[in-house]
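Note that the protein sequences, when read in sequence, are chains A and B. With my numbering applied, the first sequence covers 106 to 479. With my numbering applied, the second sequence covers 12 to 232. Here is the structure we will look at.
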Amino acid sequence: MSEAYLTSFSEFLPGNPVGNDEIEEYIGIVGGEISKYKKMVLRQNKITSRYYASNKDGEFEYTVAQIAAKAVEKAFLNSETDLSELEFLVTSCSIHDSIIPGLASLVHGQLNVDHIDVSSNQSVCGSSIMAMRSAVNSIRLGEFQTACVSGSEIASRHFRPTFYESTAHFKQVNALPLDQEFLRYTLSDGAGAAVIESRPNSNSISLKVNWIKARSFANRFSTCMIGGAVKEEGRVVSWGSQPSLEAAIDKGCFALSQDLKLVYEMIPVWVGHYLSLLEEGLIIPEEIDHVVSHYSSESLKTEVVKLLTKVGAMIDEEKWFSNLTYKGNTGSASIFILLNELFYSGRLKQGEKILCHVPESGQAYNSFMLLEVV
Amino acid sequence: MPTETVMRNLLIVWTDFESRLNTVPILKKLSNGRFSIDDYKELLVNHRQQVVEGSRWIARAASSTTSEYLDQRSTFLKHSVTEHRDYEMLESQFCLIGGTLDEIRSAPKNIGTEIFHSYMFEQSSQENPFHLLGSMFIIEGLGQRKAKGWGLAIKELLDLDDKAVEFYVYHGDNDPEHMEEFEQTLNSGILEIEGMGEKIVKTAKITALLYELQLREIGNY
């Protein structure tokens with residue numbers, strides 16, 4: 106079986122960075138007043154700037170497929186391999202442009218490349234690792250020599266005031282619950298991509314994929330992040346099961362929501378998963394040179410750090426790399442945007458090991474990937 | 012096995028157990044908001060039969076501790092005294108929600124509690140049964156991390172007074188001290204006994220499984 110190498114990366118962040126004071130100019134104000142939760146959420150997630158795919162008039166200048174395609178093209182511009190050599194395109198996203206067709210088809214439609222296979226992975230942040238596994242394993246099996254994986258999100262589409270103001274809940278209280286405001290002030294837009302090949306770069310470093318270990322705990326936790334459906338007595342009821350589209354809007358099926366209490370309940374299983382990999386000898390903290398971790402907020406990080414330190418499993422904080430505070434939390438795109446910056450930073454040295462961590466609160470999923478600089 | 016490794020493995024056991032509890036029918040009902048007053052009565056009746064025996068096995072563990080380990084024996088004894096009348100809270104809660112003392116006291120153990128009870132007594136009868144720290148980690152963990160949440164959810168859902176959920180909320184408020192005590196005991200020299208670390212972790216695993224079983228078997232006598 107051959108090895109799989111991440112040989113180039115890219116990011117595509119639409120528009121200009123948007124500071125905390127300008128957020129509402131892009132995502133609007135729900136109910137005529139800036140949310141009382143804004144300061145608290147920003148203090149928690151520590152995000153100071155992010156990018157939005159819309160302009161200040163609220164018009165969207167890109168689609169999810171377009172920003173993914175731009176990231177794929179950029180990744181090949183950074184690569185020793187040409188886009189025309191692409192054989193397998195794997196996309197990841199939380200919500201894309203359509204219900205049908207799949208995102209990978211829409212992205213391929215934007216690319217000037219022929220004779221490729223595609224695969225669409227939809228989940229939340231963790232879809233990036235699901236997509237990565239699919240590409241990495243196909244390369245290892247020898248099915249393809251060159252693959253590209255993308256992650257892309259336009260979360261801000263769903264944060265527009267009109268999307269909330271038509272719900273019965275809003276009409277009643279004229280404000281959004283924290284579970285919805287948290288997402289409005291945490292998620293933003295962007296895309297990233299990585300080229301994966303069966304051979305390393307000849308003129309520069311590559312990242313060999315040593316392993317990917319992911320686990321779903323969805324049987325143990327109820328749905329935490331929800332869109333396109335509502336939770337009723339613990340059951341997920343789809344927009345499509347409502348008597349009419351109006352009823353679905355009224356119930357709030359299209360208002361993205363995250364149960365923050367449930368996120369905190371999930372942290373222990375993420376930690377337990379990490380500790381199991383330590384006990385199996387797959388992760389040796391002293392041998393990790395860089396930790397690239399995608400947390401949806403800095404406050405979660407603090408909780409995790411506390412627990413890990415207690416059991417001697419903490420990797421020194423100076424080894425942690427993150428750009429979420431200035432590039433935003435872009436869901437499935439984040440891990441690519443993180444790796445892109447680290448890969449081209451000049452900081453990576455031959456033989457170093459990078460531990461990537463992508464947890465997903467959607468319905469309790471957790472993933473790790475170990476990369477080695479070669 | 013050094014303390015850190017023991018703690019790490021105990022955390023793995025705990026996180027697995029804690030999340031597995033979410034799949035237990037009665038707790039699933041609670042988190043989904045479909046938990047009724049009859050469910051609560053049944054929980055109290057079943058839980059009481061385990062709690063009433065708790066301080067007995069801790070006291071048994073104290074009497075199984077030889078004189079080289081007097082400090083550890085004191086810890087077991089103190090712990091047993093602290094807890095030995097806790098079950099009375101469950102009884103008065105049961106009466107507050109319409110049950111009778113006779114009903115809760117005369118109820119049998121469910122089949123899960125029977126196994127749990129037999130295991131705890133058998134283990135605490137062994138000489139210097141410090142591996143029971145694994146059991147304490149699980150049971151104290153439940154008190155510290157889960158009980159309060161359950162209590163408050165039950166109170167809200169069934170619109171009850173504080174007194175009717177006191178046992179659960181009380182444990183959430185008081186058990187952090189027990190956890191500190193736990194770490195002190197772990198560091199008191201017992202890990203120098205050969206194989207003790209491994210035994211503690213294994214005992215934690217078994218206790219977690221049996222505890223889950225008694226919750227799954229609520230009403231099965």
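Backbone N, C-alpha and C define an ideal beta-carbon position, used for all residues, glycine too.
Query raised in the report: With a cut-off of 8 Å, does the C-beta of A/L53 fall near any C-beta of chain B?
Result: Any question about residue 53 of chain A goes unanswered here, given that chain A covers just 106 to 479.
**Report entry** CB contact below 8 Å: B/M18 versus chain A
**Finding:** yes
Query raised in the report: For chain A, is any of its Cβ atoms less than 8 Å away from the one on B/G44?
Result: So yes, B/G44 belongs to the interface.
Requested in this report: Rounded to whole angstroms, what's the CA-CA distance from B/K129 to B/G145? Just pull it up for me.
Outcome: Just to set this straight, residue 129 of chain B is Ser in the shown sequence, not Lys. When only Cα atoms are considered, B/S129 and B/G145 end up about 16 Å apart.
Report task. Please list the partners that B/R31 has in chain A, where partner means a Cβ-to-Cβ separation under 7 Å. Result -> R325
Query raised in the report: By Cβ distance below 6 Å, which residues in the same chain neighbour A/V146 in space, the five residues on each side in sequence not counted?
Result: F287, Y290
Query raised in the report: With C-beta atoms as the reference, is A/V212 less than 8 Å away from A/S239?
Result: no
Query raised in the report: Does any CB atom of chain B fall closer than 8 Å to the CB of A/V212?
Result: no
Query raised in the report: Nearest-angstrom Cα distance between A/E270 and A/L283?
Result: Pairing A/E270 with A/L283, the inter-Cα distance amounts to about 15 Å.
Report task. Would you mind sorting A/H220 into buried or exposed? The rule is 16 or more other CB atoms within 10 Å of its CB. Result -> exposed
Query raised in the report: What does B/D49 reach in chain A if we use C-beta pairs closer than 9 Å?
Result: The premise fails here: B/D49 is roughly 17 Å from chain A at the closest Cβ pair, so nothing lies under 9 Å.
Requested in this report: Pull out every residue of the stretch 414-442 of chain A whose Cβ sits closer than 8 Å to any Cβ of chain B, in chain order.
Outcome: So the close ones are K415, V416, G417, A418.
Query - Sequence-distant residues of the same chain with beta carbon closer than 7 Å to A/N315, five excluded per side - result: L475, L476, E477
Query raised in the report: Are the C-beta atoms of B/T218 and some chain A residue less than 8 Å apart?
Result: Not one chain A Cβ lies under 8 Å of B/T218.
Query raised in the report: B/R116 lies in the alpha helix (DSSP H); which residues open and close that run?
Result: Per DSSP, B/R116 belongs to the alpha helix (DSSP H) from 112-117.
Query raised in the report: Which residue's Cα is closest to the Cα of A/A323: A/F275, A/G231, A/T251?
Result: Closest option to A/A323, Cα to Cα, is A/G231.
Report task. Could you tell me how far apart the beta carbons of A/C461 and A/V374 are, in whole angstroms, since I believe they sit closer than 8 Å? Result -> The Cβ separation is near 18 Å, so there is no contact.
Query raised in the report: From what residue to what residue does the beta strand (DSSP E) around A/R340 run?
Result: 340-343
Query raised in the report: Mind checking B/R71: buried by the 16 CB within 10 Å criterion, or exposed?
Result: buried
Query - Contacts that B/E15 makes with chain A (C-beta to C-beta distance below 7 Å) - result: In chain order: V416, G417.
Query raised in the report: Hey, which unbroken runs of the alpha helix (DSSP H) at 4 residues or more fall wholly within the stretch 73-141 of chain B?
Result: 81-94, 98-107, 112-117, 122-135
Query raised in the report: How big is the Cα-Cα spacing for B/S117 and B/E167?
Result: 29 Å
Requested in this report: Pull up the distance between the alpha-carbon of A/S402 and that of A/G295, whole angstroms please.
Outcome: Low confidence applies to A/S402: its pLDDT is 47, below 50, so where it sits in the model is not reliable, and the reading given next is rough at best. Cα to Cα, A/S402 sits roughly 17 Å from A/G295.
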